[in-house]
Amino acid sequence: MTRLLLAPDKFKGSLTAAEVVAALSRGITATAPDAEITACPIADGGDGTVDAALAAGATAQPATVTGPTGEPRETVWALEGTTAVLELADAVGLKALPGEELSPRDASSRGLGELILAAVRAGAREIVVGLGGSASTDAGAGLLQALGARLLTADGEDIAPGLAGLEALASVDLSPALAALEGASLIAANDVANPLLGDDGAAAVYGPQKGLGPEAVAAADRTLAAAATLLDPSGATARAEGAGAAGGVGYALLLLGATQRSGADVVLELAGFDARLAAADLVVTGEGKLDVQTLQGKGPAEVARRAAAAGLPVLAVAGAVTLDLQELASAGIDEAFDLVSRAADVPDAIARGEALLEEVGREMGRALPAHLRDSRAASSPLP
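If you're matching positions, the sequence shown starts at 25 in our numbering and goes up one per residue.
Rendered as structure tokens:
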């Protein structure tokens with residue numbers, strides 16, 4: 025019996041990681057009925073982080089928070105013992121914007137702070153915060169306010185939400201937020217190393233996808249710099265790797281004492297990936313697009329790295345694959361399958377994603393003997 029570990033990320037904008045696993049499983053079972061399949065949906069801190077924790081056995085905790093532009097937002101976080109897993113994307117991310125209409129100046133991270141507070145009140149002592157897909161560029165000001173921090177205008181009033189409100193920041197008191205987190209530790213889980221400011225910062229790199237034009241990006245960077253001078257006059261936190269994650273939410277979490285970790289590493293740990301890997305003969309991973317960004321510490325790359333280190337063959341699937349054979353091999357991937365080449369065009373591949381994944385699964389099932397034979401030959405000592 026061949027033991028397969030299916031550990032894909034989501035196909036963004038199309039299918040969740042669990043849906044990818046289900047479609048591949050149907051196809052593999054059709055051509056390799058004796059295969060034993062273990063599901064391990066993954067994420068890297070963005071969309072799907074909570075889903076991965078739930079798939080690993082955590083308990084769903086529903087919550088209503090303030091959405092990115094002030095409307096109530098229904099979301100879910102995960103709890104396993106005293107460890108909570110939260111996801112920015114679903115609470116206050118781009119996907120949470122009403123009608124997905126961008127709001128670059130007014131969008132706020134407040135709802136994420138409300139989730140953190142809910143987790144603390146539920147008894148969580150380790151709080152994993154998945155960053156990615158944010159709608160705001162507020163340096164985490166809304167998050168800090170939700171935890172009780174006083175971010176005030178020159179008139180002593182609370183600043184308004186979002187980047188627009190941050191422009192009026194005149195004084196800061198973080199002590200109430202720090203007190204609210206007493207006894208709890210924060211982990212900022214993401215796959216970026218950007219600082220808060222400058223050409224590689226939150227506004228310059230991620231502002232355009234949130235609706236900031238070139239002039240607005242420069243103005244936003246100045247606003248973030250002025251706010252950072254008040255929040256941490258030393259400037260050290262603004263320069264830290266990951267401070268620019270999620271429009272500067274990474275910066276706010278670092279101010280609160282968070283430890284930054286690779287989102288992929290955190291999710292694989294939560295999912296018990298290494299133990300599942302030890303019981304596998306072959307690993308399947310993937311995501312919406314396998315490209316050079318995949319190789320920068322994203323989930324499928326880490327899955328492939330660990331599997332290859334264990335001497336296991338790795339198959340990958342994606343909507344599109346732009347990596348060449350050498351790049352795939354260097355990443356530990358033996359063969360990659362795409363969906364676009366099987367469809368009329370990209371929209372067709374998205375629309376028929378599950379059916380095409382089943383087709384790929386059938387091909388994978390037929391290819392198992394060859395990949396396992398090659399893997400065993402490669403691991404056998406020379407005579």
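Ideal Cβ placement from N, Cα and C applies to all residues, glycine included.
Cβ of residue i within 8 Å of Cβ of residue j?
{"i": "G287", "j": "A342", "result": "no"}
{"i": "A264", "j": "L278", "result": "yes"}
{"i": "G323", "j": "D33", "result": "yes"}
{"i": "L220", "j": "G281", "result": "no"}
{"i": "A41", "j": "I66", "result": "yes"}
{"i": "T62", "j": "L30", "result": "yes"}
{"i": "D130", "j": "T93", "result": "yes"}
{"i": "G207", "j": "R149", "result": "yes"}
{"i": "G231", "j": "V241", "result": "yes"}
{"i": "I357", "j": "A344", "result": "no"}
{"i": "A373", "j": "L381", "result": "no"}
{"i": "A304", "j": "L28", "result": "yes"}
{"i": "A76", "j": "L294", "result": "yes"}
With 16 as the cutoff for other CB atoms within 10 Å, does residue i come out buried or exposed?
{"i": "L139", "result": "buried"}
{"i": "M388", "result": "buried"}
{"i": "S258", "result": "exposed"}
{"i": "S195", "result": "exposed"}
{"i": "G164", "result": "buried"}
{"i": "P337", "result": "buried"}
{"i": "R145", "result": "exposed"}
{"i": "L306", "result": "buried"}
{"i": "E60", "result": "exposed"}
{"i": "T283", "result": "exposed"}
{"i": "S404", "result": "Caution is warranted here: a pLDDT of 49 is assigned to S404, below 50, making its placement in the model unreliable, and the coordinate value is therefore given only provisionally. With fewer than 16 other Cβ atoms within 10 Å, it is exposed."}
{"i": "T318", "result": "buried"}
{"i": "G154", "result": "buried"}
{"i": "P407", "result": "The predicted model places P407 with a pLDDT of 47, which falls under 50 and marks its position as unreliable; any figure quoted below should be read in that light. So P407 counts as exposed."}
{"i": "R134", "result": "buried"}
{"i": "A269", "result": "buried"}
{"i": "A143", "result": "buried"}
Check residue i in the structure and name its three-state DSSP category.
{"i": "R390", "result": "helix"}
{"i": "D197", "result": "strand"}
{"i": "G287", "result": "helix"}
{"i": "K313", "result": "strand"}
{"i": "V216", "result": "coil"}
{"i": "Q85", "result": "strand"}
{"i": "E191", "result": "coil"}
{"i": "S365", "result": "helix"}
{"i": "L168", "result": "helix"}
{"i": "L406", "result": "Model confidence at L406 stands at a pLDDT of 44, short of 50, so the residue's coordinates are unreliable; what they give is reported in the following sentence. Note: L406 maps to coil in three-state DSSP."}
{"i": "L210", "result": "strand"}
{"i": "T161", "result": "coil"}
{"i": "T247", "result": "helix"}
{"i": "R174", "result": "strand"}
{"i": "T253", "result": "helix"}
{"i": "E265", "result": "coil"}
Between the Cα of residue i and the Cα atoms of the options, which residue gives the shortest distance?
{"i": "A355", "options": "A264, A56, V316, S133", "result": "V316"}
{"i": "A184", "options": "G166, I151, L280", "result": "G166"}
{"i": "L210", "options": "G189, A59, L141", "result": "L141"}
{"i": "G385", "options": "P32, A41, A54, D197", "result": "A54"}
{"i": "D58", "options": "R390, P92, K234", "result": "R390"}
{"i": "P128", "options": "R366, P238, R376, G37", "result": "P238"}
{"i": "P122", "options": "V153, A87, A159", "result": "A159"}
{"i": "F35", "options": "A84, L294, G310, G222", "result": "G310"}
{"i": "G186", "options": "E359, V116, L301", "result": "V116"}
{"i": "E98", "options": "G231, T90, E104", "result": "T90"}
{"i": "S312", "options": "A276, F361, A217, Y275", "result": "For the record, residue 312 in the displayed sequence is Gly; it is not Ser. With distances taken between Cα atoms, G312 lies closest to F361."}
{"i": "T83", "options": "V216, A102, P232", "result": "A102"}
{"i": "A332", "options": "D298, T177, V364", "result": "D298"}
{"i": "T177", "options": "E104, L112, A251, L202", "result": "A251"}
{"i": "A201", "options": "R134, A295, Y275, A170", "result": "A170"}
{"i": "A262", "options": "Q233, D224, V290, V291", "result": "D224"}
{"i": "P86", "options": "G189, A325, L110, E95", "result": "L110"}
{"i": "L168", "options": "G222, M25, E125, A276", "result": "A276"}
I'd like the span of the beta strand (DSSP E) that includes residue i, first residue to last.
{"i": "R330", "result": "Here R330 belongs to no beta strand (DSSP E); instead the alpha helix (DSSP H) covers 323 to 333."}
{"i": "L103", "result": "96 to 104"}
{"i": "L30", "result": "27 to 30"}
{"i": "T73", "result": "Looking at the DSSP string, T73 is not in any beta strand (DSSP E); the run it does join, the alpha helix (DSSP H), is 73 to 79."}
{"i": "E181", "result": "Element bounds for E181: n/a, residue is neither H nor E."}
{"i": "V229", "result": "First-last for V229: undefined, no H or E at that position."}
{"i": "L110", "result": "107 to 111"}
With residue i as the anchor, note down where its alpha helix (DSSP H) starts and where it stops.
{"i": "T53", "result": "41 to 55"}
{"i": "L352", "result": "349 to 354"}
{"i": "V273", "result": "273 to 279"}
{"i": "E138", "result": "134 to 145"}
For the ligand SAH, is there a heavy atom less than 7 Å away from the beta-carbon of residue i?
{"i": "D369", "result": "In the structure shown, the ligand SAH is absent, as is every other ligand, since no ligand is present at all."}
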